[in-house]
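Since the structure comes first, as structure tokens, the remarks are kept for the end.
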Amino acid sequence: MYLYHFGLGELPFTLTPNTNFYLPMAMHDEALAVLSTALQTGEGFIKVVGEVGTGKTLLCRKLLNEIPDHFVTAYIPNPYLNPDELRRAVAVELGVKQAQRMSVQLLTQRIQTRLLELHSQGHSVVLILDEAQALPEDSLEALRLFTNLETETRKLLQVVLFAQPELDVRLAKTEFRQLRQRITFAYKLRPMNANEVQQYIQHRLQVAGYKGSVLFPVKICQSIARVSKGVPRLVNVLCHKMLMLAYGQGHYKMTMKLLKAAVKDTESIEQSSKVSLLAFSFLGGLSVLLLAYYALVVKL
628 MYLYHFGLGE LPFTLTPNTN FYLPMAMHDE ALAVLSTALQ TGEGFIKVVG EVGTGKTLLC
688 RKLLNEIPDH FVTAYIPNPY LNPDELRRAV AVELGVKQAQ RMSVQLLTQR IQTRLLELHS
748 QGHSVVLILD EAQALPEDSL EALRLFTNLE TETRKLLQVV LFAQPELDVR LAKTEFRQLR
808 QRITFAYKLR PMNANEVQQY IQHRLQVAGY KGSVLFPVKI CQSIARVSKG VPRLVNVLCH
868 KMLMLAYGQG HYKMTMKLLK AAVKDTESIE QSSKVSLLAF SFLGGLSVLL LAYYALVVKL
């Protein structure tokens, strides 16, 4: 691999969400602030929505790592579960013994008993679901019923949903109006802009141990931002491929040629972005020719 070639201690652009590489950009800091405020005020439902690859899972793990000690968390990374499976998964996360063997009625009672027990000990309980757009419709309703468990002053269970925009489409349906009304805090993650893409690339290289001269020039970063549309996952894919190609060719600086090759090899890059990159490159080359022609005319 290219680690030794570039003097790196680890791979800087892996797709596995790693909080060590977290870069405090505006949208993620804002999302964490919304989550923190909502959790502290005891709201029932909190929602964070973002397109594929915008960093929802990384944000989710950041929240899990930094949530205050008095919170007890139940984390479900794959919520494609029917209502019964969802109840049992929550029970297991909360430490309810023999949760897989109980009847539904007894299980519900044990969950409520456990929530009251944690509340009496001064704990707040948070259920965090990643990829929440995968929840079946009847499980969404079961999730709403969970938040009916409350004391006179506070919900016994708060729910944080990390999801793709498809969840908003589903919640817009009439049958989910009760659940929709209970989502009192929401945040929508946006893609990175060109400046943020440049900061993101340099930051990940620095965390990975890179100490050399600039690997990704500003213009290359701008082009990466353009074709990736600022989606962190696609930025990672392109940068990783460019580093591999540069290593294979013995280069130490990223070029437009390497980016074109990486883009061509990446199916998730939209065709319109690929055409845009080619057009941009063509116009860039054309401008150089025009400048050279102008200089020649002036000289004559």
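In my numbering, the protein residues as written are 628 to 927.
Every residue gets a Cβ at the ideal spot worked out from N, C-alpha and C, and that includes glycine.
No experiment lies behind these values; they were computed from the predicted model shown.
Out of the options, state which residue places its alpha-carbon closest to the alpha-carbon of residue i.
i    : options                   : result
A750 : E758, R741, L756 and D757 : Going by the sequence as given, residue 750 is His instead of Ala. Ranking the options by Cα distance to H750, first place goes to R741.
L776 : E670, F640 and F648       : E670
T646 : E693, L784 and G677       : E693
Q667 : L870, D795, V786 and S855 : V786
F698 : S663, V679, Q725 and M729 : S663
A790 : A813, I896 and E720       : A813
I896 : A873, M871 and V862       : V862
D696 : Q748, L816 and K815       : Q748
V796 : Y629, D656 and G677       : G677
A889 : R807, L870 and Q876       : L870
R807 : G877, L767 and E758       : L767
E758 : V679, T778, K856 and E823 : V679
Cα separation between residue i and residue j?
i    : j    : result
A684 : T643 : Sequence check: residue 684 is Thr here, not Ala. Straight-line Cα distance between these residues: approximately 9 Å.
F633 : K891 : 24 Å
C866 : K800 : 40 Å
L745 : Q736 : 14 Å
A852 : M819 : 8 Å
P859 : T681 : 6 Å
L686 : A701 : 16 Å
R781 : Q739 : 14 Å
V723 : K868 : 46 Å
V841 : D765 : 52 Å
V864 : T893 : 8 Å
F803 : A653 : 31 Å
Y629 : Q727 : 47 Å
D656 : L690 : 11 Å
L872 : M881 : 9 Å
L798 : L762 : 11 Å
G857 : E823 : 8 Å
Y631 : L721 : 45 Å
E779 : V854 : 52 Å
Keeping to the same chain, check which residues put their C-beta closer than 8 Å to that of residue i; ignore five residues upstream and five downstream.
i    : result
V731 : D711 and R714
T811 : A665, E670, G671, F672 and I673
G839 : F633, G634 and Y879
Q825 : F843, V845, C848, Q849 and A852
L650 : Q826, Y827, H830 and R831
A769 : P710, L713 and R714
Y837 : F633, G634, L635 and P639
T641 : N863 and H867
L733 : none
Y874 : M628, Y629, H632 and F633
Which partner residues does residue i have in the DSSP bridge list?
i    : result
L754 : A701 and V786
A813 : K674
E637 : E637 is not bridged to any residue.
E777 : K782
Assuming residue i and residue j are in contact, meaning their beta carbons sit under 8 Å apart, how far apart are those beta carbons, in whole angstroms?
i    : j    : result
I847 : M883 : 7 Å
A716 : L708 : 6 Å
R771 : Q805 : 6 Å
A658 : L816 : 6 Å
Using a Cβ-Cβ cut-off of 6 Å (strictly less than) and excluding sequence neighbours within five positions of residue i, which residues of its own chain qualify?
i    : result
L756 : I703, P706 and L788
E637 : A835
E793 : Q760
R809 : G671 and F672
A821 : Q849 and A852
V675 : A658, F789 and Y814
Going by beta carbon distance, what residues of the same chain come within less than 7 Å of residue i, once the five residues before and after it are set aside?
i    : result
L784 : L742, V752, L754, F773, T774 and L776
R688 : P644 and T646
M729 : R737
F648 : R831 and V834
G877 : none
Relative to the ligand GTP, is the shortest distance from any of its heavy atoms to the C-beta of residue i smaller than 7 Å?
i    : result
E802 : Ligands in the displayed structure: none, and consequently the ligand GTP is not present.
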